[in-house]
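*Asks:*
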Amino acid sequence: MTNSNQPYVILVEPQLAENVGMAARAMMNCGLYNMRLVNPREDHLSAKAISASSNAEEILENAEIFGSTADAIADLHYVAATTARHRDQTKQVFTADRAAAELNNKCREGIRTGILFGPERTGLHNDDVSLADAIINIPLNPRHCSLNLSQAVLLAGYEFYKTHIQAPEEQFVTNHTQLADKEKVLAFCGFLENKMEGCGNYKIDAQREKLVINLRNIFTRRELTEQELNTLYGIINYISKTKD
Numbered sequence: 118m119t120n121s122n123q124p125y126v127i128l129v130e131p132q133l134a135e136n137v138g139m140a141a142r143a144m145m146n147c148g149l150y151n152m153r154l155v156n157p158r159e160d161h162l163s164a165k166a167i168s169a170s171s172n173a174e175e176i177l178e179n180a181e182i183f184g185s186t187a188d189a190i191a192d193l194h195y196v197a198a199t200t201a202r203h204r205d206q207t208k209q210v211f212t213a214d215r216a217a218a219e220l221n222n223k224c225r226e227g228i229r230t231g232i233l234f235g236p237e238r239t240g241l242h243n244d245d246v247s248l249a250d251a252i253i254n255i256p257l258n259p260r261h262c263s264l265n266l267s268q269a270v271l272l273a274g275y276e277f278y279k280t281h282i283q284a285p286e287e288q289f290v291t292n293h294t295q296l297a298d299k300e301k302v303l304a305f306c307g308f309l310e311n312k313m314e315g316c317g318n319y320k321i322d323a324q325r326e327k328l329v330i331n332l333r334n335i336f337t338r339r340e341l342t343e344q345e346l347n348t349l350y351g352i353i354n355y356i357s358k359t360k361d
């Protein structure tokens, strides 16, 4: 399994350096090497983090740092968000093993994928979940279903590792249209938001926030191709000109 055909593990606002180190250890256990960090509170290369990684410091040394979740996933085509809580968002929900199979298939097709993990205390914010194509839910004892960060990374990573080694060595895909990466999808969402603002459709800020999340959910769960996005741009621009 090479670094190019595996998902990026994206830790959003991790609080403690030790937890980042233990997450790196879990990744190394499962043969995952692509770590991205969004606004980590502590230095991921501190002595605490390196000690907790238990000889997985190469993952920490190669980790990429981003200022926002949107930036961290901009070059990816498919992203799954891990959450233990019910979200009032319409997205496909996978168990860890089903998600692993989905991610593995996409990686083998050359599709760039990622898995989002939230802060230790709160988990992912709704805004972050709205950026994802799907949700990963790990069913556990309902009386005590919370996991620490490294446990969640290990469970998701282990399922991906199992699926990968059980899969055939090669798969051939034909007539495949290039998926739009997240940067392009979110740019289109921003384009729509600006069009809506121009029409004066936002009465209150809360209404705007809800609409933005709904728009993101509509378009992030569709796995849009670049050609489809261009078609949508053309339709919206045509309607705008006709209205004017």
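Letter by letter, the sequence shown follows residues 118 to 361 of my numbering.
By construction, the Cβ of each residue, glycine as well, lies at the ideal position given by its N, Cα and C atoms.
#1: Tell me the DSSP bridge mates of VAL196?
#2: Which partner residues does THR342 have in the DSSP bridge list?
#3: Which of helix, strand or coil does DSSP assign to ILE330?
#4: Report yes if the CB atom of GLY231 is closer than 8 Å to the CB atom of VAL129, and no otherwise.
#5: Between which residues of its own chain and ALA191 is the CB-CB distance below 8 Å, once the five residues before and five after are set aside?
#6: Could you tell me whether the region 174-183 touches the region 149-164, where touching means 3 or more Cβ pairs closer than 8 Å?
#7: Figure out for me which residue from LEU272, VAL329, VAL137 and LYS312 has the closest Cα to the Cα of LEU164.
#8: Between the C-alpha atoms of HIS281 and ASN221, what's the straight-line distance to the nearest angstrom?
#9: Quick check on ASN254: buried or exposed, where buried means 16 or more other Cβ atoms within 10 Å of its Cβ?
#10: Please go through the same chain and pick out, in chain order, the residues whose beta-carbon is closer than 8 Å to the beta-carbon of THR200, but skip the five residues on each side of it.
#11: With ASP160 and ALA141 assumed to form a contact (beta carbons below 8 Å), what rounded beta-carbon distance in angstroms separates them?
#12: Identify every residue that forms a DSSP beta bridge with TYR350.
#13: By Cβ distance below 7 Å, which residues in the same chain neighbour ASN122 in space, the five residues on each side in sequence not counted?
#14: Using a Cβ-Cβ cutoff of less than 7 Å, which residues in the same chain neighbour ALA143 once the five nearest sequence positions on both sides are dropped?
#15: DSSP three-state label for ARG153, please.
#16: Using a 10 Å radius around the Cβ and a threshold of 16 neighbouring Cβ atoms, would you call ASN334 buried or exposed?
#17: Label GLU219 either buried or exposed according to how many other C-beta atoms from any shown protein chain fall within 10 Å of its C-beta, with 16 as the threshold for buried.
#18: For LEU248 and TYR125, what's the separation of their Cα atoms in angstroms?
#19: When DSSP labels each residue in this structure, what does ILE190 get in the three-state scheme?
#20: With burial defined as no fewer than 16 other Cβ atoms inside 10 Å of the residue's Cβ, what is the status of LEU257: buried or exposed?
#21: Of all Cβ atoms in chain B, is any one closer than 8 Å to the Cβ of SER163?
#22: Terminal residues of the continuous beta strand (DSSP E) containing GLU219?
#23: Who are GLU181's beta bridge partners in DSSP?
#24: Please name the residue, chosen from ASN243, THR348, HIS261 and GLN132, that lies closest to LEU328 on a Cα-to-Cα basis.
*Replies:* A quick look at the data gives this:
#1: If you number the sequence shown from 1, residue 196 lands on position 79. Paired residues: GLY231.
#2: In the sequence shown, residue 342 corresponds to position 225, counting from 1. The partner list for THR342 (beta bridge, DSSP) reads LEU296.
#3: The residue given as residue 330 occupies position 213 in the sequence shown. ILE330 sits in a helix when the DSSP states are folded into three classes.
#4: By 1-based counting over the sequence shown, the position of residue 231 is 114. By 1-based counting over the sequence shown, the position of residue 129 is 12. Taking a C-beta distance under 8 Å as the contact criterion, GLY231 and VAL129 do not qualify as a contact pair.
#5: Within the sequence shown, numbered from 1, the residue matching residue 191 stands at position 74. Within its own chain, the residues whose Cβ lies closer than 8 Å to the Cβ of ALA191, once the five positions on either side in sequence are excluded, are ASP298, LYS299, GLU300 and LEU303, listed in chain order.
#6: Yes, since at least three Cβ pairs between the region 174-183 and the region 149-164 fall closer than 8 Å, the two stretches touch.
#7: What you label residue 164 is simply residue 47 of the sequence shown in a count that begins at 1. The residue you asked about is not Leu; residue 164 is Ala in the sequence shown. The shortest Cα separation from ALA164 among LEU272, VAL329, VAL137 and LYS312 belongs to VAL137.
#8: Stepping through the sequence shown from its first residue, residue 281 is reached at position 164. Stepping through the sequence shown from its first residue, residue 221 is reached at position 104. Between HIS281 and ASN221, the C-alpha separation is close to 6 Å.
#9: To locate residue 254, count along the sequence shown from 1; it is residue 137. Flag for ASN254 reads buried.
#10: Here residue 200 corresponds to residue number 83 of the sequence shown, with the count starting at 1. Excluding sequence neighbours, THR200 sits near GLY235, GLY240, LEU241, VAL246, ILE252, ILE253 and ASN254.
#11: For the purposes of this step, residue 160 is taken as the residue at position 43 of the sequence shown. For the purposes of this step, residue 141 is taken as the residue at position 24 of the sequence shown. Cβ-Cβ separation between ASP160 and ALA141: approximately 13 Å, too far for a contact (criterion under 8 Å).
#12: Residue 350 sits at position 233 when you count from the first residue of the sequence shown. Bridge partners of TYR350: none, in fact.
#13: Start at 1 with the first residue of the sequence shown, and residue 122 comes out as number 5. Result list for ASN122: CYS224 and ARG225, in chain order.
#14: Residue 143 sits at position 26 when you count from the first residue of the sequence shown. By the criterion of a C-beta distance shorter than 7 Å, ALA143 is surrounded in its chain by SER267, VAL270, LEU271 and GLY274, once the five residues flanking it on both sides are discounted.
#15: Along the sequence shown, one-based indexing puts residue 153 at 36. Of the three classes helix, strand and coil, the one that applies to ARG153 here is strand, per DSSP.
#16: Your numbering for residue 334 matches position 217 in the sequence shown. ASN334 counts as buried, since no fewer than 16 other beta carbons sit within 10 angstroms of its beta carbon.
#17: Against the sequence shown, residue 219 aligns to sequence position 102. Using a 10 angstroms sphere on the CB of GLU219, the tally of other CB atoms reaches 16 or more, which defines it as buried.
#18: Numbered from its first residue, the sequence shown carries residue 248 at position 131. Numbered from its first residue, the sequence shown carries residue 125 at position 8. In this structure, the alpha-carbon of LEU248 lies about 15 Å from that of TYR125.
#19: The count along the sequence shown starts at 1 and reaches residue 190 at position 73. ILE190 carries a coil assignment under DSSP once its states are collapsed to helix, strand and coil.
#20: Position 140 of the sequence shown, counting from 1, holds the residue named residue 257. It is exposed - the Cβ of LEU257 has fewer than 16 other Cβ atoms within 10 Å.
#21: Looking at the structure shown, chain B is missing, and only one protein chain is on hand.
#22: Translated into the one-based positions of the sequence shown, residue 219 becomes position 102. Segment 213-225 is the alpha helix (DSSP H) holding GLU219; no beta strand (DSSP E) there.
#23: Taking the sequence shown and counting its residues from 1, one reaches residue 181 at position 64. Answer is ARG153.
#24: Reading the sequence shown from its first residue, position 211 is the one you call residue 328. Per the Cα distances, ASN243.
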